[in-house]
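S.K.: By UniProt numbering, the letter at position 413 of the sequence shown is numbered 413, and the numbering carries on one by one without gaps.
Can you keep this structure in mind? I'll have questions shortly.
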Amino acid sequence: MAPSTPEVWRPEDTDPPVPEAPGSEIFRPDILDEIEKKIEEMSKKLSVLSLDIHAHPELKFEETRTHDVLTSFMSDQGFIVEKHYLLPTAWLATYKHGQDGGRTIGVNSEMDALPGVGHACGHNLIAISGVAVACAMKAVLERFDISATIQLLGTPAEEGGGGKIQLLEKGAYKDMAACLMCHPAPGPKGSVSLSGSLAIQQLVVEYFGHTAHAALSPWEGINALDAAVLAYNNISALRQQLKPTTRVHGIFEGKDWAANVIPDYAKYHCYIRAPNVTELEDVLERVLPCFPAAAQATGCQHKITLSEKFADIHQNKALGEEVARIVKSRYGGIDFVWGIAHASTDFGNITYALPSLHPGFAIPTVLNGGNHTRDFAAAAATPTAHQACLDVSKALAATGIRVLIDDEYFAEVKKTFEERQKF
1 MAPSTPEVWR PEDTDPPVPE APGSEIFRPD ILDEIEKKIE EMSKKLSVLS
51 LDIHAHPELK FEETRTHDVL TSFMSDQGFI VEKHYLLPTA WLATYKHGQD
101 GGRTIGVNSE MDALPGVGHA CGHNLIAISG VAVACAMKAV LERFDISATI
151 QLLGTPAEEG GGGKIQLLEK GAYKDMAACL MCHPAPGPKG SVSLSGSLAI
201 QQLVVEYFGH TAHAALSPWE GINALDAAVL AYNNISALRQ QLKPTTRVHG
251 IFEGKDWAAN VIPDYAKYHC YIRAPNVTEL EDVLERVLPC FPAAAQATGC
301 QHKITLSEKF ADIHQNKALG EEVARIVKSR YGGIDFVWGI AHASTDFGNI
351 TYALPSLHPG FAIPTVLNGG NHTRDFAAAA ATPTAHQACL DVSKALAATG
401 IRVLIDDEYF AEVKKTFEER QKF
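Laid out in structure tokens, this is it:
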């Protein structure tokens, strides 16, 4: 989920915004105080949990150890835990208070890492943020005797696997009135970002040719690698006519390649991104012909496999405004530029299905050390990143409680969602 912008924030660049007076414009400051107390009490345990996940990175749909660590932790916190919920490494932790269970608020914890660079997108922080938000809201329900239900969903395979989309299709989100999560990224010091993200279509193109001795009789071969390279170059030629907000990128993968053998198989992994689903369809229509053209030119056969689309994020305006009030009052500032504006996430599909919020939060990084780099993986294990994660979690927990207890506010959340769906 790497941002495409080359600039990376450095600590000396920007001082945090001057906060407003404590408690100003905050709905129920007493509730926020309780949330802060609970999360700070848990800080050390959450840090141990985060660093444990960070030290044992697991790839998409292979998060077996992380699944066990998180479900054990949530059981210890008094939640009813369903292991292997709908998907092998997904899980659901539920806490219900009161006779009728009230309204249900959803929270997401991501778990997966990246090949070769580990937790270079900071999913260890996303995991503990979900835990912190859920546990803080549980403390509030108990302290103030509020009837409501909390569902913390452990979501596998955000990095290319679309785990949340599969969970959505299987009904994991059906009871949630709203869903909340967050994501680390570079950005101005002390800031929380309410930027959106790009829609993405992932696809795989396979080319099938015929082997031959590359020196003795190359004319007997049909070169699948040449087909993949031509497809790559076709897209490169197309880029001049694409909008600056579009992203098309990918890699090659081979099988049994040798320098003196004409390759009879090549796989092209291609990602196509655009600001929204509608524009994505337009770009896809232009990119797709690049693949059969390469096959025809080289004499190869080809096969195109399209994955599930990741939609752009529809940040719920009412939810975002509440988080912004809390953050500006106590923790820092709000921006609409940084975060994961030029990346993509399967949470985008969730924001199309129900009122949702996915703010970014800034953690300290070195120059050119943004998401999906080893430097960012290192940054995700720092005390500064941990505190930034806890601060945004406090704001999310307070917002979630307001969804549960303020009918007028929840009506505005739903209205905002419905209006956004019209375009």
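Ideal placement from N, C-alpha and C gives every residue a C-beta, glycine not left out.
Taking the beta carbon of Asp335 as the centre, do at least 16 other beta carbons fall within 10 Å, making it buried, or is it exposed?
M.R.: Taking the first residue of the sequence shown as 1, we reach residue 335 at position 335. When all chains shown are included, Asp335 counts as buried.
S.K.: Helix, strand or coil: which one does DSSP assign to Thr64?
M.R.: Position 64 of the sequence shown, counted from the first residue, corresponds to residue 64. DSSP places Thr64 in helix when its eight states are reduced to three.
S.K.: Using C-beta distances below 6 Å, list every residue in its chain close to Thr66, excluding the 5 sequence neighbours before and after it, in chain order.
M.R.: As a position in the sequence shown, residue 66 is number 66, starting the count at 1. Contacts found: Ile53, Glu58 and Met111.
S.K.: What does the alpha-carbon distance come out to for the pair Lys317 and Phe73?
M.R.: Start at 1 with the first residue of the sequence shown, and residue 317 comes out as number 317. Start at 1 with the first residue of the sequence shown, and residue 73 comes out as number 73. The alpha-carbon atoms of Lys317 and Phe73 are separated by roughly 33 Å.
S.K.: So Gly187 packs on Gln315, CB below 8 Å; how close in whole Å?
M.R.: Mapped onto the sequence shown, residue 187 falls at position 187. Mapped onto the sequence shown, residue 315 falls at position 315. Not really, about 15 Å apart at Cβ, beyond 8 Å.
S.K.: Within the chosen definition, does the region 145–154 reach the region 89–102 through at least 3 CB pairs nearer than 8 Å?
M.R.: Enough Cβ pairs lie closer than 8 Å, so yes.
S.K.: In whole angstroms, what separates the C-alpha of Ala21 from that of His249?
M.R.: In the sequence shown, counting from the first residue as 1, residue 21 sits at position 21. In the sequence shown, counting from the first residue as 1, residue 249 sits at position 249. Confidence in Ala21 is poor, its pLDDT being 43 and thus under 50, which makes the residue's placement unreliable; the coordinate value appears in the next sentence. If I take the Cα positions, the gap works out to 46 Å.
S.K.: DSSP state of Trp219, grouped into three classes?
M.R.: For the purposes of this step, residue 219 is taken as residue 219 along the sequence shown, with counting starting at 1. Three-state DSSP puts Trp219 in a helix.
S.K.: Ordered along the chain, which non-local residues of its own chain (more than five positions away) have a Cβ less than 6 Å from that of His77?
M.R.: Residue numbering aside, residue 77 sits at position 77 when the sequence shown is read from its first letter. Note that residue 77 corresponds to Gln in the displayed sequence, not to His. So the list reads Cys135, once near-sequence residues are dropped.
S.K.: Select from Gly190, Val287 and Ser191 the residue whose C-alpha is nearest the C-alpha of Ala231.
M.R.: Taking the sequence shown and counting its residues from 1, the one referred to as residue 231 is at position 231. Of the candidates Gly190, Val287 and Ser191, the one whose C-alpha sits nearest the C-alpha of Ala231 is Val287.
S.K.: Taking the alpha carbon of residue 427 as the point to measure from, which residue in Pro275, His119, Pro29 and Pro383 has its own alpha carbon closest?
M.R.: Nothing about residue 427 can be reported from this structure: the residues present for the chain run from 1 to 423 only.
S.K.: Under 8 Å: do the region 380–400 and the region 116–129 share three or more Cβ pairs, one atom per stretch?
M.R.: With a cut-off of 8 Å, the region 116–129 and the region 380–400 count as touching, because enough Cβ pairs lie within range.
S.K.: Pick from Arg402, Thr298, Lys414 and Glu408: whose alpha carbon is nearest that of Asp30?
M.R.: Here residue 30 refers to the residue found at position 30 of the sequence shown. Among Arg402, Thr298, Lys414 and Glu408, the Cα nearest to that of Asp30 is on Arg402.
S.K.: Could I get the ranges of all uninterrupted beta strand (DSSP E) runs contained in the region 246–292, with 3 residues as the minimum, in chain order?
M.R.: Fully enclosed beta strand (DSSP E) runs of 3 or longer: 247–254 and 265–274.
S.K.: Three or more beta-carbon pairs under 8 Å between the region 318–325 and the region 250–264, yes or no?
M.R.: The region 318–325 is not in contact with the region 250–264.
S.K.: Could you name the residues of the same chain whose beta carbon sits closer than 8 Å to that of Glu40, not counting the 5 residues immediately before and after it, in chain order?
M.R.: Mapped onto the sequence shown, residue 40 falls at position 40. Once the five neighbours on either side are set aside, the close Cβ partners of Glu40 are Leu390.
S.K.: Give the range of the beta strand (DSSP E) segment to which residue 424 is assigned.
M.R.: Past the edges of the chain, shown from 1 to 423, lies residue 424, and the structure says nothing about it.
S.K.: Pick helix, strand or coil for Thr382, following the three-state DSSP scheme.
M.R.: Start at 1 with the first residue of the sequence shown, and residue 382 comes out as number 382. If DSSP states are grouped into helix, strand and coil, Thr382 belongs with coil.
S.K.: Comparing C-alpha positions only, which one of Phe208, Glu285, Glu169 and Ala362 sits nearest to Gly221?
M.R.: The sequence position of residue 221 within the sequence shown is 221, counting from 1. Of the candidates Phe208, Glu285, Glu169 and Ala362, the one whose C-alpha sits nearest the C-alpha of Gly221 is Phe208.
S.K.: In angstroms with no decimal places, state the Cα-to-Cα distance between Ala157 and Ala177.
M.R.: Within the sequence shown, numbered from 1, the residue matching residue 157 stands at position 157. Within the sequence shown, numbered from 1, the residue matching residue 177 stands at position 177. Taking the straight line joining both Cα atoms gives about 24 Å.
S.K.: Assuming Met137 and Gly400 make a contact with CB atoms under 8 Å, what is their CB distance in whole Å?
M.R.: As a working note, residue 137 is residue 137 in the sequence shown. As a working note, residue 400 is residue 400 in the sequence shown. Contact holds; Cβ gap of about 5 Å.
S.K.: DSSP three-state label for Lys243, please.
M.R.: Locating residue 243 in the sequence shown gives position 243, where the first residue counts as 1. Residue state, collapsed to three classes: coil.
S.K.: Hey, His358 and Ile313 are a contact pair by Cβ (cut 8 Å); roughly how many whole angstroms apart?
M.R.: The count along the sequence shown starts at 1 and reaches residue 358 at position 358. The count along the sequence shown starts at 1 and reaches residue 313 at position 313. So it is a contact: roughly 5 Å between Cβ atoms.
S.K.: Identify the continuous alpha helix (DSSP H) that holds Asp226 and give its terminal residues.
M.R.: The residue given as residue 226 occupies position 226 in the sequence shown. From DSSP, the alpha helix (DSSP H) with Asp226 extends over Ala224 to Leu238.
S.K.: Rounded to the nearest angstrom, what separates residue 477 and Leu225 at their Cα positions?
M.R.: With the chain running from 1 to 423 in the structure shown, residue 477 is simply not present.
S.K.: Along the chain, where does the alpha helix (DSSP H) containing Val133 start, and where does it finish?
M.R.: For the purposes of this step, residue 133 is taken as the residue at position 133 of the sequence shown. Where Val133 is concerned, the enclosing alpha helix (DSSP H) stretches over His123 to Phe144.
S.K.: I'd like the list of long-range same chain contacts for Ala212, defined as Cβ closer than 7 Å, with 5 residues on each side in sequence excluded.
M.R.: If you number the sequence shown from 1, residue 212 lands on position 212. The answer, listed in chain order, is Pro218, Glu220, Gly221 and Ile262.
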